[in-house]
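Student: Handing you this structure, nothing more for now.
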Amino acid sequence: MIGLFDSGFGGLTILRAVVNALPHRHFLYFGDHATVPYGNREREDIYQLTLNAVEHMFNYGCCLVILACNTSTATSLRRLQQEWLPLINNNNHQQRRILGILVPIVEAITDAKLTFNNSKILKTKQLIAVFATKQTVLSNAYPLEISKRASEVTVIQQACPQLVDLIETGATKKKLFSLVCHYVDVLLENTKKKLPDIVILGCTHYNLIADLFATALPNNIEILSQPNLVTHSLVDYLRRHPEFDKLTTTTSIQFLTTGDPNRTSLFGSIFFGSSITFEKMKQ
Ligand code: DGL
Numbered sequence: 006m007i008g009l010f011d012s013g014f015g016g017l018t019i020l021r022a023v024v025n026a027l028p029h030r031h032f033l034y035f036g037d038h039a040t041v042p043y044g045n046r047e048r049e050d051i052y053q054l055t056l057n058a059v060e061h062m063f064n065y066g067c068c069l070v071i072l073a074c075n076t077s078t079a080t081s082l083r084r085l086q087q088e089w090l091p092l093i094n095n096n097n098h099q100q101r102r103i104l105g106i107l108v109p110i111v112e113a114i115t116d117a118k119l120t121f122n123n124s125k126i127l128k129t130k131q132l133i134a135v136f137a138t139k140q141t142v143l144s145n146a147y148p149l150e151i152s153k154r155a156s157e158v159t160v161i162q163q164a165c166p167q168l169v170d171l172i173e174t175g176a177t178k179k180k181l182f183s184l185v186c187h188y189v190d191v192l193l194e195n196t197k198k199k200l201p202d203i204v205i206l207g208c209t210h211y212n213l214i215a216d217l218f219a220t221a222l223p224n225n226i227e228i229l230s231q232p233n234l235v236t237h238s239l240v241d242y243l244r245r246h247p248e249f250d251k252l253t254t255t256t257s258i259q260f261l262t263t264g265d266p267n268r269t270s271l272f273g274s275i276f277f278g279s280s281i282t283f284e285k286m287k288q
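Here it is, written out as structure tokens:
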């Protein structure tokens, strides 16, 4: 069983793309709706919440968990992989893995896998804009990972601290659009009106309102699709690690939440694009 974790609904955008590309698997989606948003919390809190979530998902039978959340990936993935996972995997014949969703985007931009090639593939001095949560911005994960592979690229970040809460609580498009316009304006003030070449929506929730970002950004600036890039990378990973890729006769997805299952199912169905039913996560 392949697990996808997010603080709330954002990871559904990743799940949708993954399920389309990889049918005939068993997936578990876990949204920590009782605790969302993560992005304005302390980094240590996010680490503990992410660890708890992944532990639950391992206990539910996942061997591979994808943090379908930029905030968890940016703040906690490396620490989980280096400090916690070796303890979990010790004495356990079935090895578990945790993957994030940041590197597939960075690799797509720089077109260079660090292990193979540290050369500067990007030829022009590109300006890349990242819209993300407060803690993803503070982690500097996007600028750091991009500069490791393409040091001539400039990355400008814009935190959007109010968006996740509003998306989770079903705010109107009008309200969301005026906030998105505000964050775009602040970013362009910081670039002194220089337009970015590429935009990254570095929060999976923002994919749910990618149309609003596309309208608010001038000149049809390209917005990278994190769901598609993560899916592409996961397909490649499973080809190299068939031990995590158990085919079944049908596609099945189990949805778990720490929040109210009725409300979560209602909103989740809208965001996922088809009817889904969340069950309460057993503690
Ligand atoms: N979907 C999460 C992300 O990608 C949202 C974080 C939050 O809960 O603030 O960053």
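Residue 6 is where the sequence shown starts when you use the working numbering, and the numbers rise one by one after that.
All C-beta atoms in this analysis are idealised placements derived from N, C-alpha and C, irrespective of residue type, glycine included.
Under 8 Å, do Arg48 and Gln163 count as touching if we go by C-beta distance?
Tutor: Sequence index remark: in the sequence shown, residue 48 carries index 43 (1-based). Sequence index remark: in the sequence shown, residue 163 carries index 158 (1-based). It is not a contact, given that the beta carbons lie outside the stated cut-off.
Student: Which residue from Val135, Thr80, Met62 puts its Cα closest to that of Arg102?
Tutor: Mapped onto the sequence shown, residue 102 falls at position 97. Checking every option, the nearest Cα to that of Arg102 belongs to Met62.
Student: Determine the extent of the alpha helix (DSSP H) in which Lys287 is found, giving its start and end residues.
Tutor: Here residue 287 corresponds to residue number 282 of the sequence shown, with the count starting at 1. From DSSP, Lys287 is part of no alpha helix (DSSP H); its letter is neither H nor E.
Student: Mind reading off the beta-carbon distance from Gly44 to Thr209? Whole number of angstroms is fine, and I expect it under 8 Å.
Tutor: Numbered from 1 along the sequence shown, position 39 holds the residue referred to as residue 44. Numbered from 1 along the sequence shown, position 204 holds the residue referred to as residue 209. Wrong, their Cβ atoms sit about 11 Å apart, outside the cutoff.
Student: So Phe136 and Ala58 are in contact, right, with Cβ under 8 Å, and what is the actual spacing, rounded?
Tutor: Here residue 136 refers to the residue found at position 131 when the sequence shown is read from its first residue. Here residue 58 refers to the residue found at position 53 when the sequence shown is read from its first residue. The Cβ separation is near 24 Å, so there is no contact.
Student: What do you get for Lys118, buried or exposed, if any count of 16 or more other CB atoms within 10 angstroms of its CB means buried?
Tutor: Position 113 of the sequence shown, counted from the first residue, corresponds to residue 118. In this prediction, Lys118 scores a pLDDT of 49, lower than 50, which makes its location untrustworthy; no coordinate-derived value is stated.
Student: Would you mind listing the beta strand (DSSP E) stretches within the region 246 to 277 that are 3+ residues and don't spill past its ends, in chain order?
Tutor: You should have 257 to 262.
Student: Do Ala215 and Ile226 come within 8 Å of each other at the CB atom, strictly closer than that value?
Tutor: Within the sequence shown, the letter at position 221 stands for residue 226. Within the sequence shown, the letter at position 210 stands for residue 215. No; because the gap between Cβ atoms is not below 8 Å, this pair is not in contact.
Student: Evaluate Glu284 with the Cβ neighbour count: other Cβ atoms within 10 Å of its Cβ, from every protein chain shown; 16 or more gives buried, anything less gives exposed.
Tutor: Within the sequence shown, numbered from 1, the residue matching residue 284 stands at position 279. Exposed: under 16 other Cβ atoms inside 10 Å.
Student: To which residues of the same chain is Leu290 closer than 8 Å at the C-beta, ignoring the five residues directly before and after it?
Tutor: Any answer about residue 290 is impossible in this case: the structure gives the chain only from 6 up to 288.
Student: For Tyr34, list the residues DSSP reports as bridge partners.
Tutor: On the sequence shown, position 29 is the one that residue 34 refers to. Beta-bridge pairing links Tyr34 to Leu9, Phe260.
Student: Are the beta-carbon atoms belonging to Ser144 and Ala79 less than 8 Å from one another?
Tutor: Within the sequence shown, numbered from 1, the residue matching residue 144 stands at position 139. Within the sequence shown, numbered from 1, the residue matching residue 79 stands at position 74. Yes; because the gap between Cβ atoms is below 8 Å, this pair is in contact.
Student: Per DSSP, what kind of secondary structure is Leu132 in: helix, strand or coil?
Tutor: The count along the sequence shown starts at 1 and reaches residue 132 at position 127. Correct three-state label for Leu132: strand.
Student: Just list the residues that DSSP pairs Ile161 with in beta bridges.
Tutor: For the purposes of this step, residue 161 is taken as residue 156 along the sequence shown, with counting starting at 1. Answer is Ala134, bridged to Ile161.
Student: Tell me whether the beta-carbon of Val2 lies closer than 8 Å to the beta-carbon of Pro42.
Tutor: Summary: the structure shown does not reach residue 2, with the chain confined to residues 6 through 288, and so no result is reported for it.
Student: Using a threshold of 8 Å, state whether the C-beta atoms of Glu150 and Val111 are closer than that.
Tutor: To locate residue 150, count along the sequence shown from 1; it is residue 145. To locate residue 111, count along the sequence shown from 1; it is residue 106. Closer than 8 Å, so yes.
Student: How far does the beta strand (DSSP E) with Leu72 in it extend, from its first residue to its last?
Tutor: One-based indexing of the sequence shown puts residue 72 at position 67. Per DSSP, Leu72 belongs to the beta strand (DSSP E) from 69 to 72.
Student: Please report the straight-line C-alpha distance between Pro148 and Val142, rounded to a whole angstrom.
Tutor: Position 143 of the sequence shown holds residue 148. Position 137 of the sequence shown holds residue 142. Going by the C-alpha atoms only, they are around 9 Å apart.
Student: When burial is assigned at 16 or more other CB atoms within 10 Å of the CB, is Glu173 buried or exposed?
Tutor: Here residue 173 corresponds to residue number 168 of the sequence shown, with the count starting at 1. Result: buried.
Student: On a CA-only basis, which of Cys165, Gln53, Asn267, Thr18 is nearest Ser230? Give me that one, please.
Tutor: Mapped onto the sequence shown, residue 230 falls at position 225. Nearest of Cys165, Gln53, Asn267, Thr18 to Ser230, Cα basis: Thr18.
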